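Written out below as structure tokens is the structure these notes cover.
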Amino acid sequence: MRACLALLVMVGAVLADPEEKDSGLKIEYVSKPDTCDRVARNGDMLSMHYTGTLEDGKKFDSSLDKSEPFQFQIGVGQVIRGWEEGVLGMCEGEKRKLIVPAALGYGDQGAGDDIPGGATLLFDVELIRIEEGPAPVNVFKQIDIDSDMALSKEEISSYLRQQVESMKDAEGEQGEEARKMFEDQDKLVEEIFATEDKNKDGLITHDEFSGPKHDEL
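Residue numbers (the working numbering): 5 to 221.
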């Protein structure tokens, strides 16, 4: 009997071991519903609950504190790359734990006051709902004025100016956001290059760009 129990414990430990992807992402499959009629695919709109912590256990964000799920479209650069890869194939009601290395999260620069540079991030995620997403927009193509498959600081700055112009007369939060973007435009460009220009050559190539860049998913 003791041998059987020991075997069960060993099997359970093996099943609980996270799967490590080629990218360095680790995924622990916590639970999955008995039936799964649809899985998350690129282009879908997902509603998810999550809690994000650092390796020391410090919580930096959670949808549970906001009392509503986080919504985003997968596959178009709206979330960090660790999420883009880590939630693909999930079923409604499924729970996973994502262990995201800095390269797939916020890199060496970190994010805000809560996520230091080089931090590995842990996310407990639960997929609540999958819906059809809107047709994707090729933002890279819109920014790449000279069609050379690389974005310069001038092209990024020009695109941001266009976005600000289209938003500045709006009322409420959108108008306020546009005014802030106008004031912080140079800083925004530098932050974008700090994150996206992986080889630091002063250009963001199509491969480096993490935002929407495909006409079809």
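Just so it is clear, CB atoms sit at the ideal spot from N, CA and C, and this is done for glycine as well. Only a predicted model underlies this, so the values are computations on that prediction, with no experimental measurement involved.
- Here Phe-127 carries a strand assignment [DSSP, helix/strand/coil].
- Under the Cβ criterion (8 angstroms, minimum of three pairs), the region 75 to 95 counts as touching the region 129 to 149.
- The residues Ser-51, Met-52, His-53, Tyr-54 and Ser-67, in chain order, have a CB closer than 8 angstroms to that of Phe-74 in the same chain once the five nearest residues on each side in sequence are set aside.
- Cβ neighbours of Lys-157 within its own chain (closer than 8 angstroms, five residues either side excluded): Val-193, Phe-197 and Gly-206.
- Between Ile-31 and Arg-85, the beta carbon gap of about 13 angstroms keeps them out of contact (Cβ cut-off 8 angstroms).
- When DSSP reads this structure, Met-52 sits in a beta bridge with Phe-74 and Leu-131.
- Within the model, the alpha-carbon separation for Phe-76 versus Ala-44 is close to 12 angstroms.
- In this structure, the beta-carbon distance from Pro-105 to Gly-215 does not fall below 7 angstroms.
- Spatial neighbours of Tyr-163 in its own chain (CB-CB distance under 6 angstroms, excluding positions within 5 residues in sequence) are listed in chain order as Ile-147.
- Taking 7 angstroms as the cut-off, the beta carbon of Leu-125 is found closer than this to the beta carbon of Gly-56.
- Bridge pairing for Thr-209: Ala-154 [DSSP].
- Around Phe-127, the same chain offers Tyr-54, Gly-56 and Leu-102 as residues with beta carbons nearer than 6 angstroms, after the five sequence neighbours per side are excluded.
- Each of Glu-212, Ile-160 and Ala-123 was checked against the Cα of Asp-190, and the nearest Cα belongs to Ile-160.
- With fewer than 16 other Cβ atoms inside 10 Å of its own Cβ, Lys-25 counts as exposed.
- The Cβ atoms of Phe-186 and Val-168 sit closer than 7 angstroms to each other.
- Relative to Asn-142, the option among Asp-41, Ala-115, Gln-166 and Phe-213 whose CA is nearest is Phe-213.
- The secondary-structure analysis by DSSP pairs Tyr-33 across a beta bridge with Arg-100.
- Distance check between Ala-123 and each of Lys-63, Val-34 and Arg-42 places Lys-63 closest, using alpha-carbon atoms only.
- In this structure, DSSP gives Lys-63 an extended state, which the three-state scheme calls strand.
- Shown here for Gln-113: same chain residues with a beta carbon closer than 6 angstroms to its own, the five before and five after excluded, namely Gly-121 and Ala-198 in chain order.
- Straight across, the Cα-Cα distance linking Arg-42 with Leu-58 is about 31 angstroms.
- Cβ-Cβ distances below 7 angstroms link Asp-118 to Phe-64 in the same chain, with the five nearest sequence neighbours on each side left out; the list follows chain order.
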